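Chemist:
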Amino acid sequence: GSCHGISAKSSGIVPDLRYMSQHTHEEFVNIVLGGSKVHQGMIGFADTLGLDDAKNLQSYLSSEQKKMPNKC
3 GSCHGISAKS SGIVPDLRYM SQHTHEEFVN IVLGGSKVHQ GMIGFADTLG LDDAKNLQSY
63 LSSEQKKMPN KC
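The working numbering applies: residue 3 is where the sequence shown begins, and numbers increase by one.
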């Protein structure tokens, strides 16, 4: 929430996770736990989150994404 906003509603500085691409969904665990986007400022959280946590976050974001209109 402190980075991507409450309910994943970004202020525009960082990506709005409600509009994740299919590729980002496929790489989600590597991004969140492994830090595969550390070069873009997204650190890994393997020290504080587990695999189930990452998958639960992804499920929540997927449910929020389904509520959104297509991004133009």
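Idealized CB from N, CA, C, for every residue including glycine.
Given the structure is predicted, the values throughout are model-derived calculations rather than measurements.
Let's see if you can read the secondary structure: which residues bound the alpha helix (DSSP H) around aspartate 49?
Modeler: It is not in any alpha helix (DSSP H) - aspartate 49 carries neither H nor E in the DSSP assignment.
Chemist: Give the single residue among Gly37, Asn72, Glu28 whose Cα lies nearest to the Cα of glutamine 60.
Modeler: Taking only the C-alpha atoms, the option nearest glutamine 60 is Glu28.
Chemist: Give the DSSP-derived three-state secondary structure of lysine 69 in the structure shown.
Modeler: Reduced to three states, the DSSP call for lysine 69 is coil.
Chemist: By Cβ distance below 6 Å, which residues in the same chain neighbour glycine 46 in space, the five residues on each side in sequence not counted?
Modeler: Leu35, Gly36, Gly37, listed in sequence order.
Chemist: Where DSSP assigns a beta bridge to methionine 44, which residues make up the other side?
Modeler: For methionine 44, which the question treats as bridged, DSSP gives the partners Lys39.
Chemist: Restricting to Cα atoms, I'd like to know which of Gln24, His25, Phe30, Met44 is closest to isoleucine 15.
Modeler: Of the candidates Gln24, His25, Phe30, Met44, the one whose C-alpha sits nearest the C-alpha of isoleucine 15 is Met44.
Chemist: Going by C-alpha distance, which of Phe30, Lys39, Ser65 is nearest glycine 52?
Modeler: Residue Phe30 is the option with its Cα nearest to glycine 52.
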